[in-house]
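*Asks:* In the numbering used here, the protein residues as written are 5 to 628.
1. Determine, for residue 581, whether the minimum Cβ-Cβ distance to residues of chain C falls below 7 Å.
2. For residue 232, which residues of its own chain have a beta-carbon under 6 Å away from its beta-carbon, when the five flanking residues on both sides are left out?
3. Confirm, please, whether the CB-CB distance from residue 611 to residue 558 is below 7 Å.
4. Return the residue from the list 493, 298 and 40 that minimises the CA-CA distance to residue 226.
5. According to DSSP, is residue 538 part of a helix, a strand, or is it coil?
6. Applying the criterion that 16 or more other CB atoms from any shown protein chain within 10 Å of the CB defines a buried residue, is residue 374 buried or exposed?
7. I want to know whether the region 421-435 touches the region 336-349 - three or more CB-CB distances under 8 Å.
8. Is there contact between the region 490-506 and the region 453-465, where contact requires at least three CB pairs shorter than 8 Å?
9. Are the beta-carbon atoms of residue 365 and residue 326 separated by less than 7 Å?
10. Just the Cα atoms here: how many angstroms apart are residue 372 and residue 617?
11. Checking the sheet assignment: what are the DSSP bridge partners for residue 204?
12. Ignore the nearest five residues each way along the sequence and tell me which others in residue 188's own chain have a CB closer than 8 Å to its CB.
13. Which residue from 183, 97 and 91 puts its Cα closest to that of residue 147?
14. Is residue 454 helix, strand or coil when you go by DSSP?
15. So, is residue 613 buried or exposed, given that buried needs 16 or more other C-beta atoms within 10 angstroms?
16. Assuming residue 392 and residue 337 form a contact by the criterion Cβ under 8 Å, report the distance between their Cβ atoms to the nearest whole angstrom.
17. To which residues of the same chain is residue 487 closer than 6 Å at the C-beta, ignoring the five residues directly before and after it?
18. Apart from the five residues just before and just after residue 266, which ones in its own chain have a Cβ nearer than 6 Å to its Cβ?
19. Looking only at C-alpha atoms, which of 282, 237 and 264 sits nearest to residue 248?
20. According to the neighbour-count rule (16 or more other Cβ atoms, all chains shown, within 10 Å of its Cβ), is residue 161 buried or exposed?
21. How big is the Cα-Cα spacing for residue 620 and residue 449?
22. Are the beta-carbon atoms belonging to residue 513 and residue 45 less than 7 Å from one another?
23. With distances taken Cα to Cα, identify the nearest neighbour of residue 532 among 572, 574 and 590.
24. Mapping the DSSP letters down to three states, classify residue 263 as helix, strand or coil.
25. Just tell me which of 240, 277 and 273 has its CA closest to the CA of residue 259.
26. On the criterion of 16 or more Cβ atoms from any shown chain inside 10 Å, does residue 127 qualify as buried, or is it exposed?
27. Pull the bridge partners of residue 234 from the DSSP assignment, please.
28. Quick check on DSSP: helix, strand or coil for residue 8?
29. Given a cut-off of 7 Å on the beta-carbon distance, is the pair residue 295 and residue 57 in contact?
30. Going by C-alpha distance, which of 218, 213 and 608 is nearest residue 55?
31. Identify the continuous alpha helix (DSSP H) that holds residue 252 and give its terminal residues.
32. Quick one: grab the DSSP three-state call for residue 557.
33. Starting from the C-beta of residue 411, find all residues in its chain whose C-beta is less than 7 Å away, skip the five residues before and the five after it, and write them out in chain order.
34. So, under 8 Å CB-CB, residue 105 and residue 149 are touching, yes? Tell me the CB distance rounded to an integer number of Å.
35. DSSP puts residue 141 in a beta bridge; with which residues?
36. Mapping DSSP to helix, strand and coil, what is residue 622?
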């Protein structure tokens, strides 16, 4: 057995609990002072968040793509502040003429935005057209100036009637995919978040950054023509009424079946009579969720399977797939969804799936909503597994954890990138998602346009956003797990998720929780990966040897804390690999490795899962 030694250069180390030196914004320092946040990562003694309940009644007209609806919203002010205004989001105003957007729309989808027929607060009507208008519309927000402030602890009622047209060609996470198939999201008047950091969240939706929502209760209905099926966030309340008897029987069976149930097949569609006769009103209920979405189709197939998500209680969930009969991969999506949810529930992050169902709709791209996913078809098994597991992982971030994606997209996209790595590798037919992300990061990191993840996401554009939201944090979390060990990593992650489930965590809540649970001051790691312009660039600085001993000096040129993997190849055709975790760089910028027991002929640094912007100094040949 060949022996190897690793020498560590030990310098002074910052003790856990001391001032980290990480930049803290004025807003964050104020939150600590108000005790809404704590330095140990826990919600502060004075933490609060507002809440809403929605009753939505809607009718969708497929032939014109028009959605008409009325909303009754009960909004409760749990903050210590008296509110002089209410901010309501009208997301479909992104399609309005002159609206700010992160990309160009097809001209045929430019509309007048959301048409408001009625807007009342506590019985008082607001208008955005009169000379004395107290309803101000800007971007995708509508602000109602209140005659009487909403005091702490008070609840107010909003009545809003609206209509909007679903886009046909510019499918921004939703839209019409044919004359009969639609995924409908960002569609209802939604209360903006009022929080302890910024007050009202008034960022307009411009297409790139996604959601930041309070947790609310929803009871909503969608009226559709005969023959149209509907899937939505929450549980269907009147399946026996809207579905034809035989379809309902298969639907009912799927709620408890351990094997896949083909609720609607091509043969069933050919026979007709999938729904009850005439217009049908589909009713859904969802409790304590940050958003809702629904989908409709008269031509899609429908599969479902039930399974246990909580072994202690025996609680079950249902995975559904609604898809185009021409899709090459969606016939297996329900079962892949089941496997994904089981993995998340029992392995990573090891917290039971919190909802009763998940529906994956065969639309376009990939976009998540509570209990709903809008996914395009993939060209191979690896792509299907990757997309399905990534989007379902968002159930935890940002729907279990109410993170602010507008400012800190890495708090959800980074986790949805990293947590399924093992599952995607296991199920993806030779697919290596870590290597894929490492390659992507190597191509972009260190460029002038790259920015650290802590830059507010709304200020990013192009690939800088993707790198900061997905790639860089995904790798940061992966290497953190390797550094801490999986057991300690999961202990800290589960503590963080348990503390902040149903709340609005900030990056520092995550950082501080991990510091506390691990008993380590990891601020050096947070600083490099999330705050600073560092790059992945390790290199072999020097190789020296004598008397069967070879010493390899590795230097961190880019400053980013990465695992160190060095392989020495020996004259007798054998090899030896030394692996060091990222904490090798906590207090120094050089690592020293010693290989013993034979003549080394070459030394190789790194592997496919470690990014490196300059691999030219990663190989040293010692043969003369």
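Glycine included, every Cβ here is placed at the ideal spot set by N, Cα and C.
*Replies:* Inspection of the coordinates gives the following:
1. Absent here is chain C; the protein component of the structure consists of one chain.
2. The residue you call residue 232 lines up with position 228 of the chain shown. Result list for residue 232: 300 and 302, in chain order.
3. In the chain shown, counting from the first residue as 1, residue 558 sits at position 554. In the chain shown, counting from the first residue as 1, residue 611 sits at position 607. No. Outside cutoff.
4. Looking up residue 226 in the chain shown gives position 222. For residue 226, the nearest C-alpha among the options comes from 298.
5. In the chain shown, counting from the first residue as 1, residue 538 sits at position 534. When secondary structure is reduced to three states using DSSP, residue 538 falls in the coil class, being assigned neither helix nor strand.
6. Numbered from 1 along the chain shown, position 370 holds the residue referred to as residue 374. Buried is the call here.
7. Judged by Cβ distances under 8 Å, the region 421-435 makes contact with the region 336-349, as three or more pairs qualify.
8. Segments in contact, no.
9. What you label residue 365 is simply residue 361 of the chain shown in a count that begins at 1. What you label residue 326 is simply residue 322 of the chain shown in a count that begins at 1. The answer is yes: Cβ separation under 7 Å.
10. In the chain shown, counting from the first residue as 1, residue 372 sits at position 368. In the chain shown, counting from the first residue as 1, residue 617 sits at position 613. Rounded to the nearest whole angstrom, the CA to CA distance from residue 372 to residue 617 is 32 Å.
11. Within the chain shown, residue 204 is the residue found at index 200, counting from 1. Per DSSP, 198.
12. For the purposes of this step, residue 188 is identified with residue 184 of the chain shown, where counting begins at 1. Only 64, 71, 170, 178, 297, 298, 299 and 300 meet the Cβ criterion.
13. Start at 1 with the first residue of the chain shown, and residue 147 comes out as number 143. Residue 147 has its Cα closest to that of 91, out of 183, 97 and 91.
14. On the chain shown, position 450 is the one that residue 454 refers to. Coil, per DSSP.
15. The residue given as residue 613 occupies position 609 in the chain shown. Here residue 613 is buried, its C-beta having at least 16 other C-beta atoms within 10 Å.
16. Start at 1 with the first residue of the chain shown, and residue 392 comes out as number 388. Start at 1 with the first residue of the chain shown, and residue 337 comes out as number 333. Between residue 392 and residue 337 the beta-carbon gap is near 6 Å, inside 8 Å, which marks them as a contact.
17. Taking the chain shown and counting its residues from 1, one reaches residue 487 at position 483. For residue 487, same chain residues with a beta-carbon under 6 Å away, outside a window of 5 residues either side, are 585, 586 and 587 in chain order.
18. The residue you call residue 266 lines up with position 262 of the chain shown. Cβ within range, chain order: 307.
19. Taking the chain shown and counting its residues from 1, one reaches residue 248 at position 244. Answer by Cα proximity: 282.
20. Your numbering for residue 161 matches position 157 in the chain shown. In summary, residue 161 is exposed, with fewer than 16 beta-carbon neighbours lying within 10 Å of its beta-carbon over all protein chains present.
21. Stepping through the chain shown from its first residue, residue 620 is reached at position 616. Stepping through the chain shown from its first residue, residue 449 is reached at position 445. Going from the Cα of residue 620 to the Cα of residue 449 covers about 16 Å.
22. In the chain shown, counting from the first residue as 1, residue 513 sits at position 509. In the chain shown, counting from the first residue as 1, residue 45 sits at position 41. It is a contact, given that the beta carbons lie within the stated cut-off.
23. For the purposes of this step, residue 532 is taken as residue 528 along the chain shown, with counting starting at 1. Distances from the CA of residue 532 to each of 572, 574 and 590 were compared; the closest alpha carbon is that of 590.
24. Indexing the chain shown from 1 puts residue 263 at position 259. Coil at residue 263, not helix or strand.
25. As a working note, residue 259 is residue 255 in the chain shown. Ranked by Cα distance from residue 259, the options 240, 277 and 273 are led by 240.
26. Reading the chain shown from its first residue, position 123 is the one you call residue 127. Result: exposed.
27. Along the chain shown, one-based indexing puts residue 234 at 230. Answer is 300.
28. The residue labelled residue 8 in the question sits at position 4 within the chain shown. Any reading at residue 8 must be qualified, since the residue scores a pLDDT of 40, below 50, and its modelled position is unreliable; no value is offered.
29. Within the chain shown, numbered from 1, the residue matching residue 295 stands at position 291. Within the chain shown, numbered from 1, the residue matching residue 57 stands at position 53. No.
30. Stepping through the chain shown from its first residue, residue 55 is reached at position 51. Nearest C-alpha to residue 55: 218.
31. The residue you call residue 252 lines up with position 248 of the chain shown. Annotation for residue 252: the continuous alpha helix (DSSP H) segment containing it runs 249-258.
32. As a position in the chain shown, residue 557 is number 553, starting the count at 1. Per DSSP, reduced to three states, the secondary structure at residue 557 is strand.
33. As a working mapping, residue 411 is identified with position 407 in the chain shown. In chain order, 460, 461 and 462 place their CB closer than 7 Å to the CB of residue 411, counting only its own chain and leaving out the 5 sequence neighbours on each side.
34. Taking the chain shown and counting its residues from 1, one reaches residue 105 at position 101. Taking the chain shown and counting its residues from 1, one reaches residue 149 at position 145. So it is not a contact: roughly 27 Å between Cβ atoms.
35. Working through the chain shown from its first residue, we reach residue 141 at position 137. Among the bridge pairs identified by DSSP, residue 141 is matched with 146.
36. The residue you call residue 622 lines up with position 618 of the chain shown. Of the three classes helix, strand and coil, the one that applies to residue 622 here is coil, per DSSP.
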